[in-house]
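I have placed the structure first, in the form of structure tokens, so that the comments after it can refer back to it.
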Amino acid sequence: MRELSLHILDILENSRKAKADKIELQISENPGKNSFIIIIADNGKGIKKELLENITDPFVTSRTTREVGLGLSLFKNAAERTNGDFEIKSKKGRGTVVRAEFEYDNIDRAPLGDIATTISNFIAANGEELEIIYEHSFADEKFEFDSREIKKELDDLSIQSSAIVSWIQEYLAENIKEIRGGEAF
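Position 40 of the sequence shown, counted from 1, bears residue number 81 in this note's numbering, the numbering being contiguous throughout.
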């Protein structure tokens with residue numbers, strides 16, 4: 042995948058399919074420490090121990106519609122080719138945590154991509170069913186977004202309405218740009 046936001050979307054979809062009702066996404070960009078970390082944690086049904094042992098093998102998948110599962114193996118490869126690291130932890134009935142670390146300035150690190158649109162589109166498709174907590178830090182600056190707080194303010198409006206999703210996308214984009222010192226993602 043050409044952008045890290047697409048890997049993130051794939052993991053978010055995995056969380057949704059695992060019946061999570063809460064997903065936490067943390068992105069930590071620290072150019073001074075040459076570090077770029079993505080953590081996605083959910084409270085879904087978790088992964089069986091037997092499957093977890095080989096989960097990044099592209100020919101291991103829990104899907105019944107096809108025999109190949111490339112998402113996690115591609116994400117792992119993206120991290121490792123930048124001298125980074127990848128790990129996945131899961132407990133049956135408690136959830137899963139995926140952590141990918143990249144060298145920030147590595148020439149092989151894919152760009153983050155349009156994470157604001159990725160998150161807002163995911164909310165558009167799933168926002169009533171689950172909660173998204175998103176934290177993005179850049180050096181010493183940090184921005185937090187919690188869909189539960191938005192829902193409290195909406196009264197009878199749906200977080201999935203096009204006007205709200207559009208506002209969320211703009212809100213995320215503005216705040217990410219602000220913590221990055223005006224630099225777009």
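All C-beta atoms in this analysis are idealised placements derived from N, C-alpha and C, irrespective of residue type, glycine included.
By the CB criterion at 7 Å, K63 and E172 fall inside the cutoff. In the three-state reduction of the DSSP assignment, S188 falls in the helix class. Annotated three-state conformation of D51 is helix, per DSSP. Within the segment 62-147, the complete alpha helix (DSSP H) segments at least 4 residues long are 90-93 and 112-121, listed from N- to C-terminus. The beta carbon of E70 sits closer than 6 Å to the beta carbons of F77 and F179 from its chain, once the five residues preceding and following it are set aside; these are given in chain order. A distance below 7 Å separates the beta carbons of T158 and Q210.
With respect to the 7 Å criterion, I200 and G223 are not classified as neighbours on the basis of their beta carbons.
Cβ-Cβ separation between D83 and S56: approximately 4 Å, consistent with a contact (criterion under 8 Å).
In this structure the segment 117-126 touches the segment 141-155; the number of beta carbon pairs closer than 8 Å is three or more. E44 sits in coil when the DSSP states are folded into three classes, being neither helix nor strand. Remark: C-beta atoms of I79 and S131 do not approach each other more closely than 7 Å. By the neighbour-count definition (other C-beta atoms within 10 Å, threshold 16), K117 is a buried residue.
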